[in-house]
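Residue numbers (my numbering): 5 to 360.
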């Protein structure tokens, strides 16, 4: 397939073809991390689309005529470009490749109409020196090849949202140099989901892993629409040192009757219930440490727990990107001059109770 690559075949060298987000999924699969299976529509597929349909020149004409610094002009340009992309017909050969890849994914998962997440992955995303996360669109719980093609086209259009255009202008990224790939990934039927940092994002402490989670899909945590449960775990002794259980009033979930993802009320008896078991916390930390070691830097990770599977096969990593706040600061020892062994011994001594 000319414009489709399976996640299993991807690695960090694949960034020009599939963007940072999809390349990262391939890296993690090859490192032995549980990642929902899927495939990427390459940046070549996007380029072929805008050239084959004849809209490439129109897109860059609109951008060239836009007045720098004029927010209203950027909004107008964004609207025109996105309408142009959505109105163009996707070439039959790209449509056929997506259809075939989706069929293979359904067959491998033994589900006739497998629900998938359709996520954008731009070539300038998730680089250690910049944070582009969230600038392009994601669509959840999509079924059927025709709907996937439609959402792929929507992701292509989202390369030109007002926010994305403005960010590229302010950071001197030429529009024509930024391409977009789209990942199509098996949907996790999430009992709980959230984020994990392999350092403490509050103070930059690299000896800690911080996990935040809530019921349902992870969008409520990522968007900040719910106060999540929070767990601070010591990397060395693998012990939870802080645990905050929040009141989680809402959850994001798929409504089968309305066929869409909605916010729903959490049952009263579950609102103040911890969303993770202790063994799940430890397993997530293990996965986080493997990912951090693989990349050689602190990571910002999104995870999900599948309600249909048993532990530990129910834990999945759905995204991972370099942490960009503390990692770019001048390196200094948060722990002082103590070694990991010294810290471990200190923790052990605290647990020794001397007879009175």
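For every residue, glycine included, the Cβ atom is placed at its ideal position computed from N, Cα and C. These figures come from a predicted structure and were not determined experimentally.
Which of helix, strand or coil DSSP assigns to residue i
i           : result
residue 140 : coil
residue 125 : strand
residue 244 : strand
residue 16  : helix
residue 8   : strand
residue 211 : coil
residue 182 : coil
residue 333 : coil
residue 190 : strand
residue 115 : coil
residue 94  : coil
residue 177 : coil
residue 74  : coil
residue 166 : helix
residue 206 : coil
residue 342 : Note on residue 342: pLDDT 48, under 50, position unreliable in the model; the coordinate value appears next. Correct three-state label for residue 342: coil.
residue 22  : helix
residue 357 : Bear in mind that a pLDDT of 42 at residue 357, under 50, signals an unreliable position, so the model cannot answer this.
residue 130 : Confidence at residue 130 is low in this model, with a pLDDT of 44, below 50, so its placement is unreliable and the value that follows should be read with caution. In this structure, residue 130 counts as coil in the three-state DSSP scheme.
Option nearest residue i by Cα separation, candidates the options
i           : options               : result
residue 154 : 180, 122 and 65       : 122
residue 96  : 64, 146 and 150       : 150
residue 25  : 187, 229, 312 and 255 : 187
residue 270 : 283, 53 and 256       : 256
residue 127 : 162, 80 and 182       : 182
residue 189 : 35, 170 and 27        : 27
residue 165 : 124, 202 and 200      : 124
residue 140 : 220, 107 and 23       : 23
residue 281 : 231, 258 and 318      : 318
residue 75  : 173, 303 and 6        : 173
residue 158 : 208, 83 and 224       : 83
residue 45  : 106, 175 and 200      : 106
residue 116 : 147, 245 and 99       : 147
residue 67  : 80, 302, 58 and 223   : 80
residue 364 : 120, 72, 218 and 197  : Residue 364 lies beyond the stretch modelled for the chain, which goes from 5 to 360, so this question has no answer here.
residue 156 : 6, 277, 47 and 312    : 47
residue 391 : 275, 12 and 21        : Since the displayed the chain opens at 5 and closes at 360, residue 391 lies outside it and no answer follows.
residue 161 : 37, 184, 276 and 330  : 184
residue 55  : 41, 12 and 180        : 180
residue 142 : 226, 201 and 111      : 226
residue 168 : 268, 87 and 78        : 78
residue 283 : 263, 302 and 314      : 314
residue 16  : 267, 298 and 286      : 298
residue 219 : 254, 53 and 94        : 254
residue 119 : 196, 65, 33 and 263   : 263
residue 93  : 310, 57, 111 and 197  : 57
Beta-carbon spacing of residue i, residue j below 8 Å
i           : j           : result
residue 30  : residue 51  : no
residue 192 : residue 308 : yes
residue 152 : residue 89  : no
residue 361 : residue 109 : Past the boundaries of the shown model lies residue 361; the chain is included only from 5 to 360, so the question cannot be answered.
residue 234 : residue 248 : yes
residue 296 : residue 322 : no
residue 241 : residue 35  : no
residue 194 : residue 228 : no
residue 251 : residue 276 : yes
residue 213 : residue 292 : yes
residue 265 : residue 144 : yes
residue 43  : residue 98  : no
residue 201 : residue 111 : no
Residues that residue i bridges to, as DSSP identifies them
i           : result
residue 198 : 217 and 307
residue 102 : None, per the DSSP bridge assignment.
residue 146 : 120
Cβ of residue i within 8 Å of any chain C Cβ
i          : result
residue 41 : Protein chains in the displayed structure number just one, and chain C is not present.
*Give, in chain order, every unbroken run of the beta strand (DSSP E) that is at least 3 residues long and sits entirely within the region 304 to 329.*
319 to 326
*Let me know the alpha helix (DSSP H) ranges lying completely inside the region 222 to 303, each 4 residues or longer, listed in chain order.*
223 to 227, 272 to 275 and 282 to 299
*Give, in chain order, every unbroken run of the beta strand (DSSP E) that is at least 3 residues long and sits entirely within the region 25 to 69.*
42 to 45
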